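Trainee: Chains as they are written, first to last, in my numbering: chain R, 3 to 244; chain U, 3 to 244.
Protein chains: 2
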Amino acid sequence: MVMSMQNKYLQIYREIADQIHEGKYPAHSKLPSEHELMSDFSTSRETIRKALNLLAQNGFIQKVQGKGSIVLDARKFDFPISGLVSFKELAGKIGEKHQTHVEELELIHPNQEIQQQLNMKKNQNVWKVLRVREIDQERIILDKDYFNQMYVEHLTKEICENSIYEYIENELGMQISFAKKEIIVVEPTEEDRRLLHLNGFSNVVVVKNYVYFDDASLFQYTESRHRPDKFKFVDFARRTHG
Amino acid sequence: MVMSMQNKYLQIYREIADQIHEGKYPAHSKLPSEHELMSDFSTSRETIRKALNLLAQNGFIQKVQGKGSIVLDARKFDFPISGLVSFKELAGKIGEKHQTHVEELELIHPNQEIQQQLNMKKNQNVWKVLRVREIDQERIILDKDYFNQMYVEHLTKEICENSIYEYIENELGMQISFAKKEIIVVEPTEEDRRLLHLNGFSNVVVVKNYVYFDDASLFQYTESRHRPDKFKFVDFARRTHG
DNA sequence: CATTATAACTTGTATATACAAGATAGTAAA
DNA sequence: TTTACTATCTTGTATATACAAGTTATAATG
Numbered sequence: 003m004v005m006s007m008q009n010k011y012l013q014i015y016r017e018i019a020d021q022i023h024e025g026k027y028p029a030h031s032k033l034p035s036e037h038e039l040m041s042d043f044s045t046s047r048e049t050i051r052k053a054l055n056l057l058a059q060n061g062f063i064q065k066v067q068g069k070g071s072i073v074l075d076a077r078k079f080d081f082p083i084s085g086l087v088s089f090k091e092l093a094g095k096i097g098e099k100h101q102t103h104v105e106e107l108e109l110i111h112p113n114q115e116i117q118q119q120l121n122m123k124k125n126q127n128v129w130k131v132l133r134v135r136e137i138d139q140e141r142i143i144l145d146k147d148y149f150n151q152m153y154v155e156h157l158t159k160e161i162c163e164n165s166i167y168e169y170i171e172n173e174l175g176m177q178i179s180f181a182k183k184e185i186i187v188v189e190p191t192e193e194d195r196r197l198l199h200l201n202g203f204s205n206v207v208v209v210k211n212y213v214y215f216d217d218a219s220l221f222q223y224t225e226s227r228h229r230p231d232k233f234k235f236v237d238f239a240r241r242t243h244g
Numbered sequence: 003m004v005m006s007m008q009n010k011y012l013q014i015y016r017e018i019a020d021q022i023h024e025g026k027y028p029a030h031s032k033l034p035s036e037h038e039l040m041s042d043f044s045t046s047r048e049t050i051r052k053a054l055n056l057l058a059q060n061g062f063i064q065k066v067q068g069k070g071s072i073v074l075d076a077r078k079f080d081f082p083i084s085g086l087v088s089f090k091e092l093a094g095k096i097g098e099k100h101q102t103h104v105e106e107l108e109l110i111h112p113n114q115e116i117q118q119q120l121n122m123k124k125n126q127n128v129w130k131v132l133r134v135r136e137i138d139q140e141r142i143i144l145d146k147d148y149f150n151q152m153y154v155e156h157l158t159k160e161i162c163e164n165s166i167y168e169y170i171e172n173e174l175g176m177q178i179s180f181a182k183k184e185i186i187v188v189e190p191t192e193e194d195r196r197l198l199h200l201n202g203f204s205n206v207v208v209v210k211n212y213v214y215f216d217d218a219s220l221f222q223y224t225e226s227r228h229r230p231d232k233f234k235f236v237d238f239a240r241r242t243h244g
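(1) Taking 8 Å as the CB-CB limit, is Lys90/R close to chain U?
(2) Can you give me the Cβ contacts of Asp231/U inside the same chain, cut-off strictly under 6 Å, excluding the 5 residues immediately before and after it?
(3) Less than 8 Å separating the beta-carbons of Val213/R and His228/R?
(4) Take Leu132/U and list the residues in its own chain whose beta-carbon comes closer than 6 Å to its own, dropping the five residues that flank it on each side.
(5) Based on DSSP bridge pairs, tell me the residues matched to Gln64/R.
(6) Can you say whether Val188/R is buried or exposed, counting buried as having 16 or more other CB atoms within 10 angstroms of its CB?
(7) Taking the straight line between their C-alpha atoms, what separation do you get for Ile170/R and Val154/R?
(8) By Cβ distance, which residues of its chain are closer than 6 Å to Ala58/R, with the 5 residues on each side in sequence left out?
(9) Throw me the rounded Cβ distance for the Asn125/R and Ile110/R pair, which I believe falls under 8 Å.
(10) Return the residue from the list His30/U, Ser31/U, Arg47/U that minimises the CA-CA distance to Glu38/U.
(11) I need the straight-line Cα distance from Val209/U to Val236/R, nearest angstrom please.
(12) At a Cβ threshold of 8 Å, is Asn150/R touching chain U?
(13) Could you round the C-beta distance between His199/R and Ile143/R to whole angstroms and report it? I think they count as a contact, below 8 Å.
(14) Could you check how far apart the C-beta atoms of Tyr148/U and Lys130/U are, in whole angstroms? I think they sit under 8 Å.
(15) Give me the Cα-Cα distance between Lys26/R and Val73/R, rounded to the nearest whole angstrom.
(16) Quick check on Pro112/R: buried or exposed, where buried means 16 or more other Cβ atoms within 10 Å of its Cβ?
(17) Here's the rule: buried if 16 or more other CB atoms are within 10 angstroms of the residue's CB, otherwise exposed. What is Glu184/R?
(18) Taking all protein chains shown into account, do 16 or more other C-beta atoms lie within 10 angstroms of the C-beta of Gln114/R, making it buried, or fewer, making it exposed?
(19) Taking C-beta pairs closer than 8 Å, name the residues in chain R that Val187/U reaches, listed in chain order.
(20) May I have the straight-line CA-CA distance separating Ile161/U from Ala29/R, to the nearest angstrom?
(21) In three-state DSSP terms, what is Thr224/U?
(22) For Lys182/U, is the classification buried or exposed, using 16 other Cβ atoms within 10 angstroms of its Cβ as the cut-off for buried?
(23) How many angstroms separate the CA atom of Arg195/R from the CA atom of Gln139/R?
(24) Got a sec? Which residues, its chain only, sit under 7 Å from Ala19/R by beta carbon, not counting five neighbours each side?
(25) Given this structure, state the Cα-to-Cα distance separating Asn211/R from Glu108/R, to the nearest angstrom.
(26) Counting only beta-carbon atoms, is Glu140/U nearer than 8 Å to chain R?
(27) Apart from the five residues just before and just after Gly70/R, which ones in its own chain have a Cβ nearer than 8 Å to its Cβ?
(28) Suppose you measure from the CA of Thr49/U to the CA of Lys10/U; what does that come to, to the nearest Å?
(29) What is the DSSP secondary structure of Asp145/R, reduced to helix, strand or coil?
(30) By the DSSP assignment, the alpha helix (DSSP H) with Lys10/R in it spans what residues?
(31) So, helix, strand or coil for Asn150/R, using DSSP?
(32) For the beta strand (DSSP E) holding Thr49/R, just list the boundary residues, first then last.
(33) Using the beta-carbon count (16 or more within 10 Å), is Gln222/U buried or exposed?
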């Protein structure tokens with residue numbers, strides 16, 4: 003049969019990650035040694051090490067030379083925007099009632115600022131999408147997205163109400179690969195006041211997102227504007243020695 | 003002679019990273035192929051690949067199968083707290099006049115909350131350090147640090163005025179390896195109002211930091227409280243496909 | 001008993017080989 | 001000219017081997 007066989011080390015990564023989630027390996031315990039895993043999965047040591055390094059990068063384990071792989075507290079799934087999670091994935095996790103309102107959807111000729119941000123030539127157009135995220139009957143997030151039309155030909159209201167990322171990766175078959183994020187706090191604009199339930203708050207948290215494809219081309223600029231009391235950002239950072 | 007030779011792949015990583023900074027490889031250009039680098043550094047392909055993967059993880063390059071390694075815009079050194087940079091490193095980069103005021107420094111028996119955060123046994127003590135960061139004559143950041151005394155025997159005002167991280171890594175020889183970060187926005191406390199120049203702002207940005215050693219033991223809990231207009235967080239995130 | 005060596009574990013680094021898979025440029029055929 | 005193929009470049013995955021280096025438990029030694 004020899005089915006799939008694609009990406010052994012990713013399969014092993016996912017399997018071990020699942021097992022950690024399910025509690026098979028509780029926090030502060032140790033994973034089996036690389037040697038044991040090697041025979042468990044009947045593969046080579048380097049393949050096991052690739053899987054373990056992925057687990058370490060993503061905050062599941064900590065490797066200690068001579069000792070082994072220590073399982074960490076994997077509670078890093080609090081409420082994050084961290085790691086490029088989209089609103090839909092997010093809302094699914096927290097389980098509360100949520101809704102997306104598409105306030106604007108149009109093909110525009112961008113102003114100079116957006117043009118610069120997206121690294122565009124003149125004459126190129128962008129999709130502007132303005133969405134309000136409602137959780138528990140409160141409008142707390144305003145998302146402004148700008149997509150380079152060069153990459154996304156057509157967008158509909160239906161697509162915007164679901165996950166645009168999903169659409170791009172599954173329907174268009176393009177791989178989103180990395181992002182630069184910037185978080186600042188500013189005074190609300192007129193638009194913020196009109197579209198969000200600010201409840202008297204005098205600041206909004208702005209998350210600027212620059213999203214790149216696998217081939218390093220910038221394709222999206224997003225601004226996510228949050229009511230401060232409902233904002234939470236969780237991050238896992240590994241220090242690169244050297 | 004055979005001097006050092008330790009960590010070939012790290013040396014190669016640093017060398018290429020430096021070359022990118024110096025402009026030898028400008029943004030959007032390509033690095034030499036793995037084969038070329040192999041003979042340039044007279045090493046094996048796997049060693050080159052280790053170095054390149056580090057560069058990719060840290061946002062220097064983007065690898066594309068079949069094409070090569072594309073150099074990215076390495077302007078991710080804006081102003082970040084990202085990636086576990088300490089205030090001293092930070093302030094040095096932006097170049098403005100800065101100062102650290104040590105407001106409190108004491109060995110205390112922690113309350114239950116801190117005890118939990120640091121995962122401590124009863125009877126253990128912690129160093130509490132309260133520092134105000136002044137940039138351009140304005141007191142804009144309040145740092146509250148709690149160090150488990152088990153790891154740090156003694157702290158002085160002088161150490162706190164410089165970089166505690168530096169002290170711990172260089173003097174005590176312990177390796178800080180990763181951190182969990184959490185960012186929220188809250189109303190200022192009495193303490194915030196007393197110690198910071200809030201200029202009428204009705205919110206502060208709180209960055210909670212859980213810092214771990216190489217052996218996965220939690221050793222520090224930090225709260226960094228920022229005046230919102232002076233706060234900026236920059237992050238580079240790679241998406242893990244799968 | 002306490003200390004020191006040793007052996008047997010663990011993970012880390014470096015190398016070599018083989019083939020898969022994506023990208024590209026040139027060649028041959030229509 | 002256009003299309004299709006092919007050779008050859010690139011990076012990706014999987015395997016094997018060897019030794020270095022950190023940790024731990026055991027045995028030998030004083």
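Built from N, CA and C at the ideal position, the CB exists for glycine as well.
Quantities reported herein were computed from a predicted structural model and do not represent experimental measurements.
Mentor: Concretely, from the data shown:
(1) Confidence in Lys90/R is poor, its pLDDT being 49 and thus under 50, which makes the residue's placement unreliable; the coordinate value appears in the next sentence. Taking CB atoms only, Lys90/R has no neighbour in chain U less than 8 Å away.
(2) Apart from sequence neighbours up to five positions away, no residue of its chain approaches Asp231/U with a beta-carbon distance below 6 Å.
(3) At a Cβ-Cβ threshold of 8 Å, Val213/R and His228/R do not count as neighbours.
(4) Cβ neighbours of Leu132/U beyond the five flanking positions: Glu105, Glu106, Lys146.
(5) Within the DSSP secondary-structure output, Gln64/R pairs in a beta bridge with Ile72/R.
(6) Exposed is the call here.
(7) C-alpha of Ile170/R to C-alpha of Val154/R: approximately 8 Å in a straight line.
(8) Cβ within range, chain order: Lys65.
(9) Contact check for Asn125/R and Ile110/R: beta-carbon distance about 13 Å, past the 8 Å limit, so the pair fails to qualify.
(10) Of His30/U, Ser31/U, Arg47/U, the residue nearest in Cα terms is Arg47/U.
(11) Using only the alpha carbons, I get a separation of about 10 Å.
(12) Not one beta carbon of chain U lies nearer than 8 Å to the beta carbon of Asn150/R.
(13) Cβ-Cβ separation between His199/R and Ile143/R: approximately 11 Å, too far for a contact (criterion under 8 Å).
(14) Tyr148/U to Lys130/U, Cβ: 6 Å. Contact.
(15) If I take the Cα positions, the gap works out to 11 Å.
(16) Taking all protein chains shown into account, Pro112/R has 16 or more neighbouring C-beta atoms within 10 Å of its C-beta and is therefore buried.
(17) Result: buried.
(18) Here Gln114/R is exposed: its Cβ has fewer than 16 other Cβ atoms, across all protein chains shown, within 10 Å.
(19) Against chain R, a Cβ distance below 8 Å from Val187/U picks out Val187, Asn205, Val207, Pro230, Asp231, Phe233.
(20) The C-alpha of Ile161/U lies about 33 Å from the C-alpha of Ala29/R.
(21) DSSP places Thr224/U within a strand segment (E or B) once states are collapsed to three.
(22) By the beta-carbon neighbour count (other beta carbons within 10 angstroms, threshold 16), Lys182/U is buried.
(23) Taking the straight line from one Cα to the other gives about 16 Å.
(24) Close CB contacts of Ala19/R within its chain, under the 7 Å cut and outside five residues either way in sequence, are with Leu57, Phe62 (chain order).
(25) When the Cα atoms are used, Asn211/R and Glu108/R turn out to be separated by approximately 20 Å.
(26) Cβ-Cβ to chain R under 8 Å: no for Glu140/U.
(27) Answer for Gly70/R: Lys32, Leu33, Ser35, listed in chain order.
(28) About 7 Å.
(29) Asp145/R: strand per DSSP, three-state reduction.
(30) Counting along the chain, the alpha helix (DSSP H) containing Lys10/R begins and ends at 10-23.
(31) DSSP places Asn150/R in strand when its eight states are reduced to three.
(32) Counted as a single uninterrupted DSSP element, the stretch harbouring Thr49/R is not any beta strand (DSSP E) but the alpha helix (DSSP H) occupying residues 47-59.
(33) Flag for Gln222/U reads buried.
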